[in-house]
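Numbering (the numbering used here), first residue to last: 249 to 594. Backbone N, C-alpha and C define an ideal beta-carbon position, used for all residues, glycine too. Single-structure report; data block below.
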C-alpha cells in the first residue's frame, strides 16, 4: 500500500473535468488498497498566475493528514509545481492562452497589453518547461492533443494515457428521440454550432437537450430563439450526476463538438452509456476516441455538415445502437486498474 496525494488546482467554485478525474483516481486508488488523498493547490485566476505558481511551489505535500506521502500525482497547471521526490504529472492542460489559444486570445486584447502578455508568455513557457522536466519523476499526457502541444511548444514528448470513464453507474435505458450535449457554455465548447446545425434543413426533425451553465447561456438561448429552433432545444442549466447519467442513458446520441478540446470526459462517459458521440474534425481529444462510422460520427465543423451527422443518427436508431455497442466495448477496455499500473511508480 502506498500513500498517494492526487494534486490539482481549481479556481473557487469551478468543477472542471480535472477534478472529476482526480476524485475518480482517489476512489480507484483506495479500492486498489492505497491510502489516497485529494490535495488542491491555489489558482488565483488569470491575473495572478505568478502568485499561484509561487504558492504552489512553496506548498508542503510531504505529508497529508499527518501521514508521509509516498508519491504525488499532479494534473494541471500550476499543481505540477509542487515538490516531491516521487512526482508523476498526468497532464490535463497548461495555461492554454499562452499556448495553442495564443493567436485567438491576442486578437481580444490591446496592442499595448499584447506586448506585456508576450513577456508573460515567454516567462510562463520557460517555467513550465523546467517544471515539466526537472521537477518531475515522470510525465504523462491525458491525450495525444495535449502531447502534440507539448511537442510543438516545449519540445517535450510524454507518453499518453487516456482517462477511463469517471466512476459512475452508467447504463443504457433506450435510444431516445433527442441528442444530448453537456459542457460549460463557453465559446470554445461551440454549443452555438449545435444550435446553428438544428436550423439547417437536414436537421429540422432533431431535438436537443443541453446541460451546463456559463457565460454564453443567455446568448445561446437568444440564438435559438433567433433561428426559430427554441422549441426543439431545452437548456437544463447545471445538473447533478444522477441527472447526467439519466440523460446519457436515454438520449439517442451525444453531441460534443468543442474546438481543440484537451480530452473531453463526456465522450468516454457517453461510450460507457452505450451511446455514440457526434464530434468535429478539429475537436481535439474527442476525435482520438471517436472512430467515424464505428463509435460515432466525425464531421466538419460547419452547421450544414453537423446537421447531416445529427440527422443520420437521429433518423436511424439501428445505426445509433450499432455505434453505441462498439463505443461501450471501447469504454469497457479503459479501466482505472490499468491506469493505476501506469500512474503508481513507487
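Taking the alpha carbon of residue i as the reference point, which residue from the options has its own alpha carbon closest?
| i | options | result |
| --- | --- | --- |
| residue 296 | 264, 273, 479, 325 | 325 |
| residue 560 | 580, 463, 454, 551 | 454 |
| residue 426 | 370, 288, 501, 586 | 501 |
| residue 516 | 391, 346, 363 | 391 |
| residue 276 | 290, 254, 265, 523 | 254 |
| residue 303 | 290, 582, 498, 447 | 290 |
| residue 480 | 329, 471, 577 | 471 |
| residue 440 | 424, 418, 524, 463 | 463 |
| residue 307 | 256, 582, 393, 376 | 256 |
| residue 576 | 489, 419, 293 | 419 |
| residue 581 | 537, 549, 567, 492 | 537 |
| residue 378 | 450, 313, 301, 317 | 301 |
| residue 466 | 434, 488, 489 | 434 |
| residue 450 | 359, 562, 494, 315 | 562 |
| residue 389 | 323, 267, 355 | 323 |
Taking 8 Å as the threshold (C-beta atoms), are residue j and residue i in contact?
| i | j | result |
| --- | --- | --- |
| residue 383 | residue 298 | no |
| residue 509 | residue 533 | yes |
| residue 380 | residue 402 | yes |
| residue 264 | residue 258 | yes |
| residue 250 | residue 285 | no |
| residue 504 | residue 514 | yes |
| residue 593 | residue 336 | yes |
| residue 411 | residue 321 | no |
| residue 496 | residue 406 | no |
| residue 457 | residue 428 | yes |
| residue 347 | residue 397 | yes |
| residue 444 | residue 475 | yes |
| residue 446 | residue 482 | no |
| residue 370 | residue 334 | no |
| residue 272 | residue 415 | yes |
| residue 489 | residue 280 | no |
| residue 309 | residue 317 | yes |
Taking 6 Å as the limit between beta carbons, can you name the residues of its chain near residue i, skipping five residues before and five after?
| i | result |
| --- | --- |
| residue 553 | 547 |
| residue 431 | 437, 460 |
| residue 557 | 526, 545, 547 |
| residue 448 | 551, 552, 555 |
| residue 565 | 423 |
| residue 520 | 413, 418, 579 |
| residue 252 | 277, 282, 284, 319 |
| residue 549 | 528, 530 |
Just curious, the alpha helix (DSSP H) that residue i is in, first and last residue?
| i | result |
| --- | --- |
| residue 476 | Here residue 476 belongs to no alpha helix (DSSP H), and DSSP marks it neither H nor E. |
| residue 376 | 359–382 |
| residue 310 | No alpha helix (DSSP H) holds residue 310; DSSP gives it neither H nor E. |
| residue 273 | 265–279 |
| residue 399 | 392–402 |
| residue 592 | Per DSSP, residue 592 belongs to no alpha helix (DSSP H) and is neither H nor E. |
| residue 495 | 489–498 |
| residue 317 | Careful: residue 317 lies outside any alpha helix (DSSP H) and carries neither H nor E. |
| residue 300 | 297–306 |
| residue 513 | 513–520 |
| residue 573 | 565–580 |
Please list, in chain order, all residues of the same chain as residue i whose beta carbon is under 7 Å from its beta carbon, the five residues on each side excluded.
| i | result |
| --- | --- |
| residue 422 | 498 |
| residue 345 | 353 |
| residue 569 | 423 |
| residue 394 | 339, 341, 510 |
| residue 468 | 433, 439, 440, 443 |
| residue 522 | 420, 572, 573, 575, 576 |
| residue 591 | 321, 336, 338 |
Residues in its own chain within less than 8 Å of residue i by CB, not counting five upstream and five downstream?
| i | result |
| --- | --- |
| residue 542 | 571, 574 |
| residue 312 | 251, 253, 285, 287 |
| residue 404 | 377, 380, 381, 387, 398 |
| residue 350 | 369 |
Cβ of residue i versus every heavy atom of the ligand FAD: is any distance shorter than 7 Å?
| i | result |
| --- | --- |
| residue 486 | Here there are no bound small molecules, and the ligand FAD is not part of this structure. |
Ends of the beta strand (DSSP E) at residue i?
| i | result |
| --- | --- |
| residue 253 | 251–257 |
| residue 349 | Segment: none, residue 349 is in no beta strand (DSSP E) and carries neither H nor E. |
| residue 335 | 335–341 |
| residue 283 | 283–289 |
| residue 505 | Note, residue 505: premise wrong, no beta strand (DSSP E); not H, not E. |
| residue 329 | Note, residue 329: premise wrong, no beta strand (DSSP E); not H, not E. |
Runs of alpha helix (DSSP H) lying entirely within the region 406–460, each at least 4 residues, in chain order:
439–446
Secondary structure, beta strand (DSSP E): runs of 3+ residues fully inside the region 522–557:
525–528, 544–547
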